[in-house]
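Below is one structure, written out as structure tokens; comments come after it.
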Amino acid sequence: MKVDIRPAKEDELEPLHSLVISNDEWMKFNGPYFP
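Counting in my numbering, the sequence shown runs from 8 upward without gaps.
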């Protein structure tokens, strides 16, 4: 299996941001940036 990592495209930013902030698993990696 090969996985390519790339920067998000402009039209992917809002859905990606919504996914990240809505999921506690993702939020725990935010470090000191958000409470």
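Built from N, CA and C at the ideal position, the CB exists for glycine as well.
- R13 and L20 have their C-alpha atoms spaced approximately 13 angstroms apart.
- In the DSSP annotation of this structure, the continuous segment of the alpha helix (DSSP H) that includes V27 starts and ends at 20–29.
- Look at M34 here: in three-state DSSP terms it is helix.
- In this model, S25 and E32 are separated by some 13 angstroms (Cα to Cα).
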